[in-house]
Amino acid sequence: MTTDKPARTLKLNPGAAKKPPADPRAPRRAPVRPPGPARAKSVSASAPKPPREPSPGYGAPRAAFEGERTGRAAPRRADPPYGDTDRPPRGPSAAPRPPPPHRPDLARVGNVRGEVRLNKRMADLGLCSRREADEWIARGWVLVNGEPAVMGMPVAPDARVEVLPQARHQQAGQVTILLHKPVGYVSGQPEDGHEAAATLIGAPSQWRGDAKTPADGRRFAPEHTRGLAPAGRLDIDSTGLLVLTQDGRVARTLIGESSGVEKEYLVRVQFAPNGPQGEGVVAQDVQAVFPPKQLALLRHGLSLDGQALKPAQVDWQNPEQLRFVLVEGKKRQIRRMCEQVGLHVVGLKRIRIGRVMLGNLPVGQWRFLGSDESF
Numbered sequence: 016m017t018t019d020k021p022a023r024t025l026k027l028n029p030g031a032a033k034k035p036p037a038d039p040r041a042p043r044r045a046p047v048r049p050p051g052p053a054r055a056k057s058v059s060a061s062a063p064k065p066p067r068e069p070s071p072g073y074g075a076p077r078a079a080f081e082g083e084r085t086g087r088a089a090p091r092r093a094d095p096p097y098g099d100t101d102r103p104p105r106g107p108s109a110a111p112r113p114p115p116p117h118r119p120d121l122a123r124v125g126n127v128r129g130e131v132r133l134n135k136r137m138a139d140l141g142l143c144s145r146r147e148a149d150e151w152i153a154r155g156w157v158l159v160n161g162e163p164a165v166m167g168m169p170v171a172p173d174a175r176v177e178v179l180p181q182a183r184h185q186q187a188g189q190v191t192i193l194l195h196k197p198v199g200y201v202s203g204q205p206e207d208g209h210e211a212a213a214t215l216i217g218a219p220s221q222w223r224g225d226a227k228t229p230a231d232g233r234r235f236a237p238e239h240t241r242g243l244a245p246a247g248r249l250d251i252d253s254t255g256l257l258v259l260t261q262d263g264r265v266a267r268t269l270i271g272e273s274s275g276v277e278k279e280y281l282v283r284v285q286f287a288p289n290g291p292q293g294e295g296v297v298a299q300d301v302q303a304v305f306p307p308k309q310l311a312l313l314r315h316g317l318s319l320d321g322q323a324l325k326p327a328q329v330d331w332q333n334p335e336q337l338r339f340v341l342v343e344g345k346k347r348q349i350r351r352m353c354e355q356v357g358l359h360v361v362g363l364k365r366i367r368i369g370r371v372m373l374g375n376l377p378v379g380q381w382r383f384l385g386s387d388e389s390f
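Counting in our numbering, the sequence shown runs from 16 upward without gaps.
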């Protein structure tokens, strides 16, 4: 019969006294590390740092460039930069930049050898308007002394300016239109709800002519309104001949600074020494009561906007109507002139510009300027 014996515990240190149980409240001791090489002592941040060796200046041995390693670490960013006297040599410099292209100093144009801008020179020569000149220059249609022109370039008075055939061909297709403007239309852009006179230009309103002024056979086309601009003003309360053109030469002839083209008007007036709403207004036989000295002032001696007016031709056409011939065109000039001498304008019609007459052109209709006509 086999008897089971209890298992026995193997003791490593038999006979040793039994250890009392550990107190859980007692502080734990750090584990003991095995012996090894001595560790470097920690250095406090407040401890003084050892002096750092100065970086070698320019000219010191540089073994690293010979393929050898040195025991010294590479200089850090905190190292002082090179001084002015010990800067390392630079590599070969890049090719020098070309100088910027010459651009004319437009502020000085006109002060050097009498030079002026090319577009002004072309306008002075009667080749085109300044706006047309800029367009032709941009398209390469203008040569100066045989070379392509540049926008805004100055030219001397003796410079040779040539225009290529393309520009001449474009100019030949430009039209000038004569319109009998009605009252209520403005000459330029629409304003205050009033339409521009240019809106009347179209196929239905083209005049077919008469025995005295036959049509030249041209018919309206949409491109005839492209770039069409009034050459002069005719106020909203006036009627008569208004010129609209695509040709800058025509515009310069009529409204240029040196223009002396005559404009003729028929003006119906009342004598109103106390204003048009005051007492003593004379509407009939105005010529009989209007002082001759006031008529002389209309001819010469008045000023507008602080500028003396040029002499004008002013005569009686009938007892209630004056005929004016002016060589300038200030805003509402005739009406303002009449106000200064006690006259009130009740009707104004322009009947001639230069050598071109309004003739029998009906109100609201237009025709082309003929090839045999000029201002």
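Even glycine gets a Cβ: it sits at the ideal position worked out from N, Cα and C.
No experiment lies behind these values; they were computed from the predicted model shown.
Can you have a look at residue i and say buried or exposed, based on whether 16 or more other CB atoms are within 10 angstroms of its CB?
i, result
"Glu81", "Confidence at Glu81 is low in this model, with a pLDDT of 48, below 50, so its placement is unreliable and the value that follows should be read with caution. The residue in question, Glu81, is exposed, as its Cβ has fewer than 16 Cβ neighbours within 10 Å."
"Gly263", "buried"
"Ala303", "exposed"
"Ala122", "Note that Ala122 scores a pLDDT of 47, beneath 50, so its modelled location is shaky; the value from the coordinates is reported in the next line. Ala122 is exposed by the Cβ-count criterion."
"Ser389", "exposed"
"Glu147", "buried"
"Ala298", "exposed"
"Pro169", "buried"
In whole angstroms, what is the alpha-carbon distance linking residue i and residue j?
i, j, result
"Arg347", "Asp250", "7 Å"
"Glu343", "Val176", "31 Å"
"Pro172", "Arg136", "8 Å"
"Gly385", "Asp231", "7 Å"
"Arg112", "Leu142", "40 Å"
"Lys364", "Gly247", "14 Å"
"Ala212", "His239", "15 Å"
"Gln181", "Gln309", "55 Å"
"Gly357", "Pro306", "10 Å"
"Val124", "Val159", "Legend: pLDDT at Val124 = 48, less than 50; position of this residue unreliable, no value from coordinates given."
"Gln186", "Ser273", "23 Å"
"Gly217", "Glu206", "21 Å"
"Arg154", "Gln336", "52 Å"
"His209", "Val361", "20 Å"
"Val131", "His315", "35 Å"
"Ala311", "Phe383", "38 Å"
"Val329", "Leu373", "19 Å"
"Leu313", "Asp300", "19 Å"
"Gly293", "Ala287", "7 Å"
Below 8 Å on the Cβ atoms is my guess for residue i versus residue j; work out the distance and round it to an integer in Å.
i, j, result
"Gly255", "Ile366", "6 Å"
"Ile192", "Trp331", "Incorrect: roughly 33 Å between the Cβ atoms, too far for contact."
"Trp156", "Leu179", "4 Å"
"Leu259", "Leu243", "5 Å"
"Phe339", "Val282", "6 Å"
"Lys325", "Leu257", "Not quite, the Cβ-Cβ distance comes to about 22 Å (not below 8 Å), so this is no contact."
"Ala164", "Arg267", "Contact doesn't hold; Cβ gap of about 20 Å is too wide."
"Leu341", "Lys278", "5 Å"
Judging by CA-CA distance, which residue of the options is the nearest neighbour of residue i?
i, options, result
"Gln188", "Leu194, Arg233, Val165 and Gln299", "What sits at residue 188 in the sequence shown is Gly, not Gln. Ranking Leu194, Arg233, Val165 and Gln299 by Cα distance to Gly188 puts Arg233 first."
"Pro377", "His184, Thr228 and Gly161", "Thr228"
"Val276", "Arg223, Leu312, Met352 and Ile368", "Ile368"
"Val291", "Met166, Ala327, Arg350 and Gln261", "Rather than Val, the amino acid found at residue 291 in this sequence is Pro. Answer by Cα proximity: Arg350."
Looking at the unbroken beta strand (DSSP E) that takes in residue i, where does it start and where does it end?
i, result
"Gly155", "Where Gly155 is concerned, there is no enclosing beta strand (DSSP E), given that its DSSP letter is neither H nor E."
"Asn333", "Gln328 to Asn333"
"Ile366", "Leu358 to Ile368"
So residue i is in the alpha helix (DSSP H); what residue range does that whole segment cover?
i, result
"Gly321", "That residue, Gly321, is in no alpha helix (DSSP H); it is neither H nor E in DSSP."
"Gly293", "Element bounds for Gly293: n/a, residue is neither H nor E."
"Gly263", "Gly263 to Ile270"
Determine whether the Cβ of residue i lies closer than 8 Å to any Cβ atom of chain B.
i, result
"Leu257", "No chain B is present in this structure, which holds just one protein chain."
Return yes when at least one heavy atom of the ligand FMN lies under 7 Å from the C-beta of residue i, else no.
i, result
"Leu341", "No copy of the ligand FMN appears in this structure; indeed no ligand is present at all."
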